[in-house]
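Counted the way the working numbering counts, the sequence shown spans residues 2 to 1238. Down below is the structure, laid out as structure tokens.
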Amino acid sequence: MAHTKTQRHREKRGLRWCYALAVVISGCFLQIAHAQPTYSPGQILVKFRNAKPAIAQFRDLSELHGVTAIEPLFTPRSAKAVYPHPLTRVYRVHLSGDPVAAAADYALRPDVVYAQPNYLFTHHQVPDDPHYGDQRSLQTIDWELLQQNLGPVREQIIVAIIDSGVDYNHEDLRDNIWHNAAEVNGMSGVDDDGNGYIDDIRGWDFTHAPGLPGMGDYLRRDNDPQDESSHGTRVAGIVAAAVNNNRGIVGVAPNAQIMALRAGLRRLGGIGFLEEDDIAAAILYAAENGAHVVNMSLGGPERTFILGDVIQYAHAQGVVLVASAGNSGDELGYPAGNHYTIAVGAVNHADRLAGFSSTGASLDLVAPGVSILSTRLDNRYASGSGTSFSAPHISGLAALILSRRPDLSPHSVRNLLIASAIDLGPSGHDNDYGAGRVSGAQLADRLSTFDSLTVAIRSPANDEGEDTAFDIRASVSGAQVTGYRLSYGSGYNPQTWTRLAEGAPSLDIRQTWDVSAFADSDVVLRLEADLSDGVVVEDRVRVAIEKIAPAITALACGDVLEDDRRVFECRWRTDQRAHGGIAYRYGTNFDTLYTGLVQNKHRVVLPHTLPSGVVTFHVLADGENNIRAVHPAQTIDYVPFRVPQNGFVERGTLPDGFLPDRASDFDRDGRLEIALMPYVGGGSYGSVHIYERQADGTFIDEFQSDERFLPWAIGDITNDGTDDLLGVTYERLVLFTDSFSNPYPAQVEFEQRGTWGGDFADVDGDSIPDIIARAGDQRGIRVIRNLGSVIREEVFLVDPSEGGGDPGPRFVVADFDRDEQQEILAGDGDGDLWMYEYRAGKYVQTWYLPGDGDARWIGGGMDLDGDGLVEFAVARAYTDAYEASNGFWELEIYSMRAPDTYAREWTTRIHGVATTGNGISAGDVDGDGLVDLIVCLRPDLYAFRAEKPDHYRPIWHTPVGLMRRALIADLDKDFRYEVLFNLDGAVHIVERDEPPVEVGSPQIIRARPLGPTRVEIDWMQVPDASSYQIYRAVGDGVLDYFDEISDRTVYIDSLLTEGQTYHYQIVAVADWDLRSGIVSLTPNRAPEVVRVETLSENQIQIFFSEEMGSDAALPSSYLLGGVGQPTSVILDQQNTRAVLSFAVLFPPRYTLTILNTSDASGTPLGLKTISDIVDPSLLARADVDGSGVVDFADFLSFVRAFQTSDSTFDFDGDGIVNFPDFLIFANLFGRKVGAGG
């Protein structure tokens, strides 16, 4: 269940003894280490109003807190003294309970002046952490001065780090890692605290991104938030590295605890990615499990509904949310742009803005973010730069504030930080620096006397839009506030302001701003609050004035390969930020899908579970001004398609590693060898091993190189009849040959720096292969030849393209235009293709095709479709730096149209891009006499076969790991090629075991249980099939013929046993028996809705009986009566809970309909309607007299509260009890308390 803030504080008081830290007291810089307590256990200090307190009046507290003795703290003066000193009324109370809880209860009694734990002091000293002196960022923010003047720790603060994980074993972090005491002391495999997570001992790993090209642990959520990339570990160290442990560094808040919440995947050679649903689930976990501060050193350009909803919820629960502004140097992104976060930019140690720091009207503060020393994986330390490292400085400061002032709200924490900032840019708040950089000295001066301060524009939200008027709601409150001003300015960075309103502080400032006469523009709203000490605290939002609907442009709809399925997608752009969607009809059914993002570029994919048939659809764009654009209807004939994953059988494995372009018989003993550099220890380069295949299919490790390099290509440039091995390291090419004493390539014959990659090819026709390699220090190609007595570079071929993209590391050499002259094909990083041809002893640049995307991956150079022309293939990458799922590949095949003229003959789109690795190989892997393309586009590997000239089809798919291009070789010499690829920590060797016509096999589109006794299988139609045979196996049994049908491609098997696993294969009966892959199904009961509860005024949580599938996370799966679909859905608590957020406040009674959802195995929930759900918290509030029923007596109380600010009956939270609240009360009238959802 959800934990309220009060419940969380009670739980933390009960657990505080487990995590006690030493405390910094005013005037003393104390030793802070995890093992030291903040106060003495088992005692409190109480000052009574009377010198001789009536102890009997406190008997109830004595029993509650286990009081064992009460003694005066000071010896009284002589009884004859006329003036006894005032400390005679201070007593030490010994107890067995929690000192903090006991002190709080004693302090409530009227006979008590004060009660407190017996706090601990220590000596004034400088931290002994060896790198403390190197932490210039702490000096910049006056950290040591701040620590000396903070005062005693009142609350243990938990900071949630939502990132790539945290190395919780790091020597400088392990003592400050938050532990879930209930799980630590509970039973393994049990959800001991009932929070929906099993064994969440130190946080949770929310990463679930099987569709992205990641590495390591990223496929499934689990209880291990260990970091794999160091990013989150560095962030955690800045926040809360331990102090005075004689190790490493010091965190900004070294007495805070780190809640490790992993939500990001690791990608080799590129930035990490965090999916928004994983981030949202992590924020929800933090809010419901005791976190006070959430650090989000992450961001993207799009405003997402799911993050907006969960951030607003967490903020309402009292959580301070801090986000990095971004490193683009442009407009800051999200979640920093969300109005409920503290957005943090970066400055260097001289307080100058970092060149990479993103800016904007929503920027709140800056903090050091250049050359920041922090923790890294494996007990290491390193410096790094970015707003990712400025944000945790503010998170740490927020933790310090709350540890001393736990009474402050998130608004007050933000405003205290702003009020304590040094103005660095133009006078006042500005887009580059926000309010400025926090000064520890000013923060220390303000902290103890700072009153709660709210300065907030509550609506509109950042980046919202309107066409005629904005309804502005704001709040300004605090004892130190003297007045407010509300203004607007035009543009992103206004220089002049027009005042809309001003006045005395108020919690309910309302202003209707008529913009009907304004032109379309961006505008900044500014709310200023004047404090009594002359400081001005601001809040800003940027809004858009937009009069018309978004214009839908660049609409492109069509098929795209996504994993092993062909799906139908639409991509388009809008001239203004909009919420994109698609409304579609199939048969009598109608549905709508939205992206969940507010942005300028949009992508929607139709569900792959749609049946074959006609689909009519409209593309939608809902502007921020709530005006919708609808594109004219389009119609497609939708045919589900799945790429076969069967048809190849595994023949063996090798250690995971880097492979060259082909196999070789280096020692000429008739057995082929594979050169391979194993991936060991995470290094870029390692020793190369040569594995020789034995007659039984196993491999023997025959040789290991002394040098460390990538085995790139194999060929005989030395012209001695034995193959040489071309190796590469960082911009260094090395040629290895055999020697008299060693038949394997171990001797360095040639090397050249400033060179990368390369291929062997006989370009000049002298029957000796040349090396064609990419220059690392220039844009072009090096041609390296055997000139008889020496191997050296003969010529440098300049990249003729106009862009700045470097050529790729692979080249294709062939006679592409059939003129008996060899051409060299190259592609570069900005999408250009070009050729050089060897003519009469010279290289002539013959063809150039400018393009877009990244065209460094090329292959082919053979007749792929049997038309007598030589084709080449290009994989063109279109990446999205912020949204991995928006990237795609265009796989293109070209052929000659005239001498030195080439054109594209076929193309297909493939979803998802990882630019590290990848490659294209060619070979007849299906034995039909035509060359097939084996295309590695991580994390997918496809085999494409020509069905007819200029038309190709994928015939096989497998997921892959880190690799470049697949190696194709006939290792067993059976005239069938094997394919070698990397997956799951090994090199797999597979061979075709089905005939070429298997491309028409009835691949299974969908297979799912329908309940405890039935399953359903749906497969692709095979045009020439006379019937379909169903083969079935039970448990570990053998597949046997079970049934046969001819009139449909759907089969329901019934009378099955619940919990028993069944295996199915479909065989299409035609000229050949065409087989599908095998699927396994276990019949199980349909999931159930356990309960539905109101989480907040616009959020519902649904608890399911078991883990649900991904369709339970789709807004289109839910419908709230009178409201519509939710704006977002978070599926969390091990996918047993769905949190639905809505754009409007829903009525106290409502009906919820759940559609099209299923459990993790695919068993459908079915249409489910839950009626007359009531918010139980509203019922409890309305039952003022506690009778258990909202009755007439409560109505009289409501009447007395009407037109007042009584929060009990202010159900809609607008600051006044008025007619909308009456309508809500009327809906509650007559209901029993506890009879909610």
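Every residue gets a Cβ at the ideal spot worked out from N, C-alpha and C, and that includes glycine.
Secondary structure of Leu266 (DSSP, three-state): strand. If you look at Leu972, you'll find it isn't in any beta strand (DSSP E); DSSP assigns it neither H nor E. Contact check for Arg783 and Glu794: beta-carbon distance about 5 angstroms, within the 8 angstroms limit, so the pair qualifies. Apart from sequence neighbours up to five positions away, the residues of its chain that approach Trp713 with a beta-carbon distance below 7 angstroms are Pro661, Leu727, Gly728, Val729, Gly758, Gly759, ordered along the chain. In the three-state scheme derived from DSSP, where H, G and I count as helix and E and B as strand, Tyr133 is classed as helix. Straight through space, the alpha carbons of Ser165 and Arg267 are spaced by roughly 8 angstroms. The C-beta of Gly195 has fewer than 16 other C-beta atoms within 10 Å across all chains shown, which makes the residue exposed. Under DSSP, Val988 shares a beta bridge with Leu655, Asn983. For Val681 and Asn983, the gap between their C-alpha atoms comes out near 14 angstroms. Spatial neighbours of Tyr839 in its own chain (CB-CB distance under 7 angstroms, excluding positions within 5 residues in sequence) are listed in chain order as Val764, Asp765, Gln822, Gln823.
With 16 or more other CB atoms across the displayed protein chains lying within 10 angstroms of its CB, Phe649 is buried. Contact check for Thr1128 against Gly309 passes: the beta carbons are separated by less than 9 angstroms. Asp1195: member of the alpha helix (DSSP H) spanning 1193-1202, first to last residue. C-alpha of Gly777 to C-alpha of Asp379: approximately 33 angstroms in a straight line.
Taking 9 angstroms as the cut-off, the Cβ atoms of Ala326 and Thr234 do not count as close. Excluding five sequence positions before and after Ala283, the CB atoms of its chain that fall closer than 6 angstroms to its own CB belong to Ile163, Phe207, Leu262, Ala264, given in chain order. Pairing Arg578 with Gly624 gives a Cβ-Cβ distance under 9 angstroms.
Cβ contact annotation for Ala383 (same chain, cutoff 7 angstroms, sequence separation greater than five): Arg377, in chain order.
Counting only runs that start and end inside the region 687-769, the beta strand (DSSP E) elements of at least 3 residues fall at 688-694, 700-709, 711-716, 725-730, 733-738, 748-754, 756-762.
Going by DSSP, Trp573 is part of no alpha helix (DSSP H) but of the beta strand (DSSP E) stretching over 566-587. By the beta-carbon neighbour count (other beta carbons within 10 angstroms, threshold 16), Met188 is exposed.
When the five nearest sequence neighbours on each side are left out, the beta carbons in the same chain lying within less than 8 angstroms of the beta carbon of Ile473 are those of Ile458, Ser460, Pro461, Leu487, Leu501, Ile510, Arg511, Gln512, Thr513, Trp514, Leu526, in order along the chain. Put simply, of Val1191, Ala1202, Leu1115, Phe1230 the residue whose alpha carbon is nearest the alpha carbon of Gly597 is Leu1115. With a cut-off of 8 angstroms on Cβ pairs, the region 1164-1175 is not in contact with the region 1184-1193, counting fewer than three such pairs. Bounds of the beta strand (DSSP E) holding Gln1100 are 1100-1105.
For Leu834, the enclosing beta strand (DSSP E) has its first and last residue at 834-840. When C-beta atoms of the region 327-339 are compared with those of the region 294-312, three or more pairs fall below 8 angstroms, so the two segments count as touching. Classified as buried, Tyr107 has 16 or more neighbouring CB atoms from the shown chains inside 10 Å of its CB. Using a C-beta cut-off of 8 angstroms, the region 540-547 makes no contact with the region 565-574, since fewer than three inter-stretch Cβ pairs fall below that distance. The Cβ neighbour count for Ile701, taken over all protein chains shown within 10 Å, is under 16; the residue is labelled exposed. By the 16-neighbour rule on beta-carbons within 10 angstroms, Ala1194 is exposed. In the structure shown, Pro679 adopts extended strand secondary structure according to DSSP, grouped into three states. For the options Pro255, Trp848, Tyr1065, the alpha carbon positioned closest to that of Thr902 is the one of Trp848. For Val537, the uninterrupted beta strand (DSSP E) run begins and ends at 537-546, by DSSP.
By a beta-carbon distance limit of 8 angstroms, Ala420 does not contact Ser391. Their separation comes to about 19 angstroms. Taking all protein chains in view, the Cβ of His430 is crowded by 16 or more other Cβ atoms within 10 Å, so the residue is classified as buried.
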